[in-house]
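Reading through the C-alpha cells given below for one structure.
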Amino acid sequence: MDRRKFLATTLAAGTAVSATSTTAIAQDRKAVKIVGVSCSPRKGKTTAAALSICLEAAKAVDPGVTTEMIELAGRNIGVFDPANPKATQGGFADLIGVLSDPNVGGIVIGTPVYFGNMTSLCKAFLDHCMAFRQQKFALGNKVAGIVAVGAARNGGQELAIQSIHVALLCQEMVIIGDGRPTAHFGATLVNDGNDSISGDEFGISTAKNLGRRIAEVALKLARTGT
Ligand SMILES: Cc1cc2nc3c(=O)[nH]c(=O)nc-3n(C[C@H](O)[C@H](O)[C@H](O)COP(=O)(O)O)c2cc1C
1214 MDRRKFLATT LAAGTAVSAT STTAIAQDRK AVKIVGVSCS PRKGKTTAAA LSICLEAAKA
1274 VDPGVTTEMI ELAGRNIGVF DPANPKATQG GFADLIGVLS DPNVGGIVIG TPVYFGNMTS
1334 LCKAFLDHCM AFRQQKFALG NKVAGIVAVG AARNGGQELA IQSIHVALLC QEMVIIGDGR
1394 PTAHFGATLV NDGNDSISGD EFGISTAKNL GRRIAEVALK LARTGT
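Numbering (this note's numbering), first residue to last: 1214 to 1439.
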C-alpha cells in the first residue's frame, strides 16, 4: 500500500471510529428526572432552600437531568389510616402519578429535624407511600437521597436521615449518600436561627454532593435500562 492510500484508509477508519464513539455517547445519554420532596410544614423555608441547592447540583451533572420541587406544606396530608388510606391522603393523591413516573430516576426527600427525627408530615408522607409498595413497588430502583436541616450542627440530622432510609429500603429504592469528598449519609444543614442556611458552607457542600451523586447514579441506572 502506498503512503497516500495508507493515509486515506487510516483517516477513513479514524472518521468511522469517532462517528461510532459520538453515537455511543449519544445513545448513552438518557434523560432522568430528579424530584425533591420538602417535608417541612413551612413552605419555602430552610428545607426548601437546601433541596433547591441539591436539585441545582443534580441538574448541572448532565443536560439530560431535569428536576422538580414538590412542597408538602399545605397539601393536607394526614396520619395514614390503614383501614381507609384514601381518607387522609389529601394532596398525596396528586403525587402518586408524579413520583411513580418511570422518567423519575431519583427522589430527594428533605426534612427539618424535629426532636432528633423527621417531621410528622414526613412520616405521614412515607406511610402513605404504602400505595407504591402495593403498586408492584412503583418506587423500586429509583435512587433516593435525604436532606435534613436542623437548628444545631449535631441536632439529629443523621438520625432523621437514617429513619427515612429505613422506610425507603422497604420500597426497594436505591439509597445513596452525599458523594465525595464529603461522602457520608446525606445532606446535613444548619439553620442559623434566622431561617437561613446560606452561611453553612459545609452543609451546602453536602447538599451539592448529594445532588451530584443522585444524578450520576440515576443516569447510570437509566443507561442500564434498570
Ligand atoms: C418541634 C420542633 C422540633 C425541633 N427539633 C430540633 C432538633 O431536635 N434538632 C435541631 O437541630 N433542630 C430542631 N428544630 C429546628 C428545625 O429543625 C429548624 O429550624 C429547621 O431549619 C426548620 O426547617 P424549615 O425552615 O424548613 O421549617 C426543631 C423545630 C421544631 C419546630
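C-beta atoms are modelled at their ideal positions from N, C-alpha and C, and glycine is treated no differently.
Tell me whether G1291 is buried or exposed, calling it buried when 16 or more other Cβ atoms sit within 10 Å of its Cβ.
exposed
May I ask you to check if the CB of Q1302 is nearer than 8 angstroms to at least one heavy atom of ligand 1?
no
Where K1243 and P1315 are concerned, what is the direct C-alpha to C-alpha distance, given to the nearest angstrom?
12 angstroms
First and last residue of the alpha helix (DSSP H) that includes E1385?
Careful: E1385 lies outside any alpha helix (DSSP H) and carries neither H nor E.
Looking at the structure shown, is M1343 part of a helix, part of a strand, or coil, going by DSSP?
helix
Using 8 angstroms for Cβ pairs, my map puts V1356 next to V1430. What's the rounded Cβ distance?
5 angstroms
Please report the straight-line C-alpha distance between A1270 and G1424, rounded to a whole angstrom.
5 angstroms
Cα-Cα separation, A1232 to D1275:
Because the pLDDT of A1232 is 37, which lies under 50, any placement of that residue in the model is unreliable, and the question is left without a value.
Taking contact to mean at least 3 C-beta pairs separated by less than 8 angstroms, is the region 1287-1306 in contact with the region 1324-1343?
yes
Exposure label - S1251; buried when at least 16 CB within 10 Å:
buried
My output table needs one value for V1430: the three-state DSSP class, helix, strand or coil.
DSSP places V1430 in helix when its eight states are reduced to three.
What residue range does the alpha helix (DSSP H) around I1309 cover?
That run of the alpha helix (DSSP H) goes 1305-1313.
Could you check which residue in N1422, K1256, V1311 has the C-alpha nearest to that of D1391?
N1422
Using a 10 Å radius around the Cβ and a threshold of 16 neighbouring Cβ atoms, would you call K1256 buried or exposed?
Its Cβ having fewer than 16 others within 10 Å, K1256 is exposed.
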